[in-house]
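J.:
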Amino acid sequence: MRLSRYFLPLLKETPSDATVASHRYMLRAGMIRQNSAGIYTWLPLGHKVLKKIEQIVREEQNKAGAIEMLMPTIQSADLWKETGRYDAYGPEMLRITDRHEREMLYGPTNEDMITDVFRSFVRSYKDLPKMLYHIQWKFRDERRPRFGVMRGREFLMKDTYSFDLTEADAVKSYNKMFTAYLNTFARLGIKAVPMKADTGPIGGDLSHEFVILAESGESEVFCHRDLVEMAPPGDVDFDGDLSHIFEERTALYAATEEMHDAEEFAKIPADKQLSARGIEVGHIFYFGDKYSGPMKATVMDSDGKPQTAMMGSYGIGVSRLVGGIIEASHDENGIIWPKSVTPFGAGVLNLKPGHEESDKVSEEIYNKLAAAGIDPLLDDEKGSIGVKFSRMDLIGLPFQIAVGPRGLKEGSVEVKDRATGEKQNMSPDEAVTLVIKAYA
RNA sequence: CGGGGCGUAGCGCAGCCUGGUAGCGCACCUGUUUUGGGAACAGGGGGUCGCAAGUUCGAAUCUUGCCGCCCCGACCA
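Letter by letter, the first sequence follows residues 429 to 868 of the working numbering.
Written out as structure tokens, the structure is:
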């Protein structure tokens, strides 16, 4: 993409109502625009990142054996009345009446609806286990939306639902998602720690939150330091036994504020105790027959007897992750994107558009990177050099290749690593190779 | 939902106390000169001062009501 043809409405000054780094930078970098409290337009740059995160989440779900589908945003109140949640959910749920005075709602989650799908089509234990998911916009009328997309009212969420014949089988599904989540967050370039969690209004008894540590986190979390640096499981056989992965990650203490046990925490060696602020980016639950029971979602077992399906649900806040990743990865100049989610793979800065050699070399680098699938952004705008560099720093692409007359006299361009700030001069071809290798 | 604050050009703000021609910086448009880390000069465009009612000869400014937004707390997948 050429900057001159792109739509990148940057803000030079920080909007006064943004107080956390990710919110400030998302506004300044032209990623989002607020429409009303907790509701945002995703501008091209933000949309690109959102879609990249979504795709990684999708790929890891598929690897784990979950099957993608799509349920509507607007739901009928009927299903929610069946499970009793229509009254239980409270004012957080946006209720709508259609022209026929039918009670509708904008879905804050989809347990009720997926259970209805399940009971309509699944009859036999032979069809189990099943894990179904979708990535869809949700609406929760938060009392106090804040921190930009991290606590919005409208948000994009991946939610998976598992169905098993027995509780023991359901635990296997739980472990699959537990494992998939570890891999997902690692691919996104963030360190998310699974922590014992409260189950909240969705209910159930087995639940973990995946939390990234950041100053601006909304809640206090406590864990063993070693959990933060633990390597992801990587390629595993999702049909095999994953319990060791779960055991390994839950052997060490980790809990959110609500579940915190100060006595247990005190048993951790002092230098390994970590108490910090955290951002919840994923939450997994096992809740058995909480919905399948009242909705009579049963299958025939091998004895021909109806058995209620045992369920779990597994959420990842896709839009929240955009903010969460920035919270975990930025400096005073702007965002520092992990390579896996960066909106563009590299920035090519033509420091002097109109200068024949600069034009030629920057175009060549741009074309070679594009051909290699790097998806570069070429800054071909006229304007001062300082503006170009600071703009690139703000939007946070992992690499910047600066092409200008001064360097070209020596036959070199300058490559800057956004994360380390390290700059080196090299030939245009070496620069291209360096970037391509970094993404290989 | 309790407490606090804010609403004036796209963004950041001043003006309000003490009523009298709506301002500044940045951004934007035109031109000239510049150009290796947020250039200079000259000219220009852009506003129902959140909305409504009231007081007044006259309201951005005073009064009342409403709406919107932000922060702290409580709450929260």
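Backbone N, C-alpha and C define an ideal beta-carbon position, used for all residues, glycine too.
Considering only the beta carbon of each residue, do Ala800 and His711 sit closer than 8 Å?
T.: Looking up residue 800 in the first sequence gives position 372. Looking up residue 711 in the first sequence gives position 283. Not a contact, by the Cβ cut-off of 8 Å.
J.: Compare the beta carbon distance of Lys876 and Gly493 with 8 Å and say whether it is the shorter of the two.
T.: For residue 876 there is no data in the structure shown, the boundaries of the chain being 429 and 868.
J.: According to DSSP, is Lys810 helix, strand or coil?
T.: Working through the first sequence from its first residue, we reach residue 810 at position 382. Correct three-state label for Lys810: coil.
J.: For a quick check, are the C-beta atoms of Gly832 and Lys780 less than 8 Å apart?
T.: As a working mapping, residue 832 is identified with position 404 in the first sequence. As a working mapping, residue 780 is identified with position 352 in the first sequence. In contact: Gly832 and Lys780 (Cβ atoms closer than 8 Å).
J.: Give, in chain order, every unbroken run of the beta strand (DSSP E) that is at least 3 residues long and sits entirely within the stretch 453-491.
T.: 460-464, 467-470
J.: What residue range does the beta strand (DSSP E) around His688 cover?
T.: On the first sequence, position 260 is the one that residue 688 refers to. From DSSP, His688 is part of no beta strand (DSSP E); its letter is neither H nor E.
J.: On the three-pair Cβ rule with 8 Å, is the stretch 429-449 touching the stretch 711-728?
T.: Contact fails: fewer than three Cβ-Cβ distances are below 8 Å.
J.: Here's a check: name, in chain order, each residue in its chain whose Cβ is nearer than 8 Å to the Cβ of Tyr553, leaving out the five neighbours to either side.
T.: As a working mapping, residue 553 is identified with position 125 in the first sequence. Closer than 8 Å at Cβ, skipping near neighbours: Leu593, Val727, Met728, Asp729, Ser730, Gln735.
J.: Which of the three DSSP states is assigned to Glu520 in this structure?
T.: On the first sequence, residue 520 is found 92 positions in, with the first residue counted as 1. The answer is helix: DSSP assigns Glu520 an H, G or I state.
J.: Grab the span of the beta strand (DSSP E) containing Arg547 for me, first residue to last.
T.: Numbered from 1 along the first sequence, position 119 holds the residue referred to as residue 547. Segment 539-549 is the alpha helix (DSSP H) holding Arg547; no beta strand (DSSP E) there.
J.: For Ala465, count the other beta carbons within 10 Å of its own beta carbon; 16 or more makes it buried, fewer makes it exposed. Which is it?
T.: For the purposes of this step, residue 465 is taken as the residue at position 37 of the first sequence. By the neighbour-count rule (16 or more Cβ atoms within 10 Å), Ala465 is not buried but exposed.
J.: Please state if the CB of Tyr561 and the CB of Glu496 are separated by a distance shorter than 8 Å.
T.: The residue labelled residue 496 in the question sits at position 68 within the first sequence. The residue labelled residue 561 in the question sits at position 133 within the first sequence. For Glu496 and Tyr561, yes; Cβs fall inside 8 Å.
J.: Which partner residues of Ala704 appear in the DSSP bridge assignment?
T.: As a working note, residue 704 is residue 276 in the first sequence. Bridge partners of Ala704: Val649.
J.: Using a Cβ-Cβ cut-off of 7 Å (strictly less than) and excluding sequence neighbours within five positions of Asp808, which residues of its own chain qualify?
T.: The sequence position of residue 808 within the first sequence is 380, counting from 1. For Asp808, where only same-chain residues beyond five positions count, the Cβ hits under 7 Å are Arg430, Leu431, Ser432, Asn778, Pro781.
J.: Taking the alpha-carbon positions, what's the Thr634 to Lys788 distance?
T.: As a first step, residue 634 is located in the first sequence; it is residue number 206 there, counting from the start. As a first step, residue 788 is located in the first sequence; it is residue number 360 there, counting from the start. The sequence as given places Leu at residue 634; Thr does not occur at that position. Taking the straight line joining both Cα atoms gives about 60 Å.
J.: For the beta strand (DSSP E) containing Ile829, name the first residue and the last one.
T.: To locate residue 829, count along the first sequence from 1; it is residue 401. Where Ile829 is concerned, the enclosing beta strand (DSSP E) stretches over 827-831.
J.: Output needed for Leu822: all residues of its chain with C-beta closer than 8 Å, excluding positions within five of it in sequence on either side, in chain order.
T.: Counted from its first residue, the first sequence places residue 822 at position 394. Hits under 8 Å: Leu438, Tyr453, Arg456, Ala457, Asn761, Gly762, Ile763.
J.: With distances taken between CB atoms, is the gap from Phe567 to Arg581 smaller than 8 Å?
T.: Counted from its first residue, the first sequence places residue 567 at position 139. Counted from its first residue, the first sequence places residue 581 at position 153. Taking 8 Å as the Cβ cut-off, Phe567 and Arg581 qualify as a contacting pair.
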